[in-house]
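Single-structure report; data block below.
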Amino acid sequence: MTYYISILILSIVGAVNASYLYWQYRQKIKNQRPMTCLFGQDCEAVVGSQWGKTLGVKNEIVGTLFYLALISLSAWQLSGSDFPKIPEAVLFIAIIAAIASSYLLVIQFSVLKNFCSWCIFSAVINYLILFTSIFLFVK
């Protein structure tokens with residue numbers, strides 16, 4: 460149960476991070492308000508690039524949906540659900556997110572030669588979720 464609590468907390472933090480990044484991007488588009496990075500480079504260049512979307516959907520929205528799925532699965536498990544496939548679903552989603560994060564980090568540093576601190580924070584959260592979800596299978 461402790462692992463699901465950790466995944467739940469990390470997913471809530473991730474959802475807030477992704478939603479905030481999307482809100483910042485929308486403010487930039489609608490009101491010409493500059494985006495802020497926690498440190499370093501230019502979040503606008505990364506989020507607004509051609510790699511800022513997956514199948515036409517902003518990566519921040521995809522990320523928020525990913526975190527909401529993990530929040531739902533973790534809450535379902537913590538509520539006492541006896542559905543046996545929740546650990547596999549959590550691990551599968553975490554693997555996909557970690558792969559996507561790795562790909563996008565490579566794009567940031569090698570192609571764009573720019574980085575977004577919010578995106579790096581999201582990748583760290585995704586790696587922590589993956590690491591934690593692996594422990595669901597350690598007995």
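Positions 460 to 598 (the numbering used here) are the ones given, in order, by the sequence shown. Cβ coordinates follow ideal geometry from the N, Cα and C atoms, glycine included.
task = Assign residue 506 to one of two classes, buried (16 or more other C-beta atoms within 10 Å of its C-beta) or exposed (fewer than that).
result = Counting from one through the sequence shown, the residue named residue 506 turns up at place 47. Classification of residue 506: buried, given that the 10 Å Cβ count is 16 or more.
Closest Cα partner of residue 552 within the set 585, 511, 491 = Counted from its first residue, the sequence shown places residue 552 at position 93. Taking each of 585, 511, 491 in turn and checking the Cα distance to residue 552, the smallest one comes out for 585.
Cα-Cα separation between residue 491 and residue 485, rounded to whole angstroms = Position 32 of the sequence shown holds residue 491. Position 26 of the sequence shown holds residue 485. Using only the alpha carbons, I get a separation of about 9 Å.
ask   = If you draw a straight line from the alpha carbon of residue 581 to that of residue 541, how long is it in whole angstroms?
value = Taking the sequence shown and counting its residues from 1, the one referred to as residue 581 is at position 122. Taking the sequence shown and counting its residues from 1, the one referred to as residue 541 is at position 82. Our two residues, residue 581 and residue 541, have alpha carbons roughly 30 Å apart in a direct line.
query = How far does the alpha helix (DSSP H) with residue 490 in it reach, from first residue to last?
reply = Taking the first residue of the sequence shown as 1, we reach residue 490 at position 31. 461-490 is the span of the alpha helix (DSSP H), which, as asked, contains residue 490.
Residue interval of the alpha helix (DSSP H) (run including residue 518) = As a position in the sequence shown, residue 518 is number 59, starting the count at 1. For residue 518, the enclosing alpha helix (DSSP H) begins and ends at 518-537.
Beta-carbon spacing of residue 579, residue 466 below 8 Å = As a working note, residue 579 is residue 120 in the sequence shown. As a working note, residue 466 is residue 7 in the sequence shown. Taking the C-beta atoms as reference points, residue 466 is found no nearer than 8 Å to residue 579.
Selection from 583, 596, 557, 576 that minimises the alpha carbon distance to residue 480 = Start at 1 with the first residue of the sequence shown, and residue 480 comes out as number 21. Of 583, 596, 557, 576, the residue nearest in Cα terms is 576.
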